[in-house]
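Novice: Here's a structure for you.
Number of protein chains: 2
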Amino acid sequence: MFRVNRQTDYAVRVVLALAKKPKGTRVSTSEIGREMLIPRAMLQRIVATLASGGFIETQAGRDGGIALAHDPNQITLLQITEHFEGTLILSDCILKEGDCPFEHKCPVSCQWKRLRDLLRDEMARVTFEQLVEEGKQIEAELLQHASSKSVPVPVVRNLPVADNVPL
Amino acid sequence: MFRVNRQTDYAVRVVLALAKKPKGTRVSTSEIGREMLIPRAMLQRIVATLASGGFIETQAGRDGGIALAHDPNQITLLQITEHFEGTLILSDCILKEGDCPFEHKCPVSCQWKRLRDLLRDEMARVTFEQLVEEGKQIEAELLQHASSKSVPVPVVRNLPVADNVPL
DNA sequence: GAAATCCTTACAATGTCAGTAAACATTGAC
DNA sequence: GTCAATGTTTACTGACATTGTAAGGATTTC
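Same order as they appear, the protein sequences are chains A and B.
Read in the working numbering, the first sequence has 116 at position 113, and its numbers run on one by one without any break.
Read in the working numbering, the second sequence has 15 at position 12, and its numbers run on one by one without any break.
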């Protein structure tokens, strides 16, 4: 297949939930679990992993909880993803030097590498500040169209959508 | 993780091997297996899958073998990949309508969708004709530098490499 | 009919992932 | 100091996908 683990999805949701709140707001894990519909035990590991990556600050004990360690505009989708998935790789053949019997002679590995760099670059541009903003826009659109009959479709602004894929 | 199956990698190699040869050349599976270092039993399945996708034409019997069904410039990396992996998906949350409890309210799914479209678009631009050309360029560079001391590093021409990824 | 080839199916070994559970450590309120 | 609420860590299980092996069947040429 070709997709991020569910754990990573969950982690993104957690960071987004924190990014939505005023800076420094501390929230208990269980509260986030309720809000974001994440199984408790999974969430425990995710929180620990986020903390080990320095993305959140944790506070044990009564009234404890977690809070973002940085501004949402300093945290990118790439950072969270790679912290949970490891460095992005589209094909094993560029994983290790010498792992592929064709080494540098292979044009395919060059392309996989180029595509990976492209994807990484793009993911590095997506900050959680941006995601929060887009979330607000989407909610505004939903409210605006609430009484209309048409189904509201969210639009990501200022971002060209590539749909000119042949075949 | 985040990578294509080995089977897909193998399949790409098979198509590339065929694309390198003069149009219509028929090659036996076992020969490709030797050339591309693919386990025999795996290769059988891969060839069958390629045939079912209409990418190759097969001929049973003595002097049989496989040949490309189309020009290399009509076959893209995306086609082969999606035929073996299914439609590209970066995150499950955009897999099915109604599968994600947040539906369209979620800015994250919008981004995953945008990134996926970007990647698909880029992969659709990579044809096997291009891969063959790049392979020739790489070999030429290798020959040119064969007597020099520097380790030859292949360069993909006219393709910007995104390495300005922060952090 | 025999040999070479592609096609299909079943199966086992391995690894990954999602989720559960339980014990532990830390903190603040009383 | 004790207790309760919270985060931390580890072990385990079941489900599933992936890789690879093996065997038999179908097709074509000689």
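Every residue gets a Cβ at the ideal spot worked out from N, C-alpha and C, and that includes glycine.
Is there a C-beta anywhere in chain A that falls below 8 Å from the one on B/L53?
Specialist: no
Novice: How would you list, in chain order, the residues of chain B whose beta-carbon sits under 7 Å from the beta-carbon of A/G138?
Specialist: P110
Novice: Between the Cα of A/R65 and the Cα atoms of A/H86, A/S31, A/Q10 and A/F87, which residue gives the shortest distance?
Specialist: A/S31
Novice: Does A/S74 pass the burial test, meaning 16 or more other C-beta atoms within 10 Å, or should it be called exposed?
Specialist: Checking the sequence shown, residue 74 of chain A turns out to be Asp, not Ser. Exposed is the call here.
Novice: Rounded to whole angstroms, what is the Cα-Cα separation between A/K122 and B/L118?
Specialist: According to the sequence displayed, residue 122 of chain A carries Leu and not Lys. The alpha-carbon atoms of A/L122 and B/L118 are separated by roughly 7 Å.
Novice: List, in order along the chain, the chain B residues whose C-beta lies closer than 8 Å to that of A/M126?
Specialist: L118
Novice: Identify the contact partners of B/V30 in chain A, using a Cβ-Cβ distance below 8 Å as the criterion.
Specialist: Neighbours of B/V30 across chain A, judged by C-beta separation under 8 Å, do not exist; the nearest C-beta is about 18 Å away.
Novice: Helix, strand or coil: which one does DSSP assign to A/I83?
Specialist: helix
Novice: Quick check on this structure: which residue in A/Y13, A/T61 and A/G27 has the alpha carbon closest to the alpha carbon of A/M39?
Specialist: Relative to the Cα of A/M39, the nearest Cα in the group A/Y13, A/T61 and A/G27 belongs to A/Y13.
Novice: Which residues in chain B sit within 7 Å of A/V15, going by Cβ to Cβ distance?
Specialist: V111
Novice: Taking A/Q62 as part of the alpha helix (DSSP H), name the residues at either end of that continuous run.
Specialist: Here A/Q62 belongs to no alpha helix (DSSP H); instead the beta strand (DSSP E) covers I59 to Q62.
Novice: Pair every Cβ in the stretch 124–135 of chain A with every Cβ in the stretch 14–25 of chain A, then say whether three or more of these pairs are closer than 8 Å.
Specialist: yes
Novice: Please list the partners that B/R9 has in chain A, where partner means a Cβ-to-Cβ separation under 8 Å.
Specialist: D95
Novice: Using a threshold of 8 Å, state whether the C-beta atoms of B/T61 and B/I49 are closer than that.
Specialist: no
Novice: For the alpha helix (DSSP H) that A/G36 lies in, which residues bound it at each end?
Specialist: Start and end: T32 to M39.
Novice: Please classify B/L80 as buried or exposed, where buried requires at least 16 other C-beta atoms within 10 Å of its C-beta.
Specialist: buried
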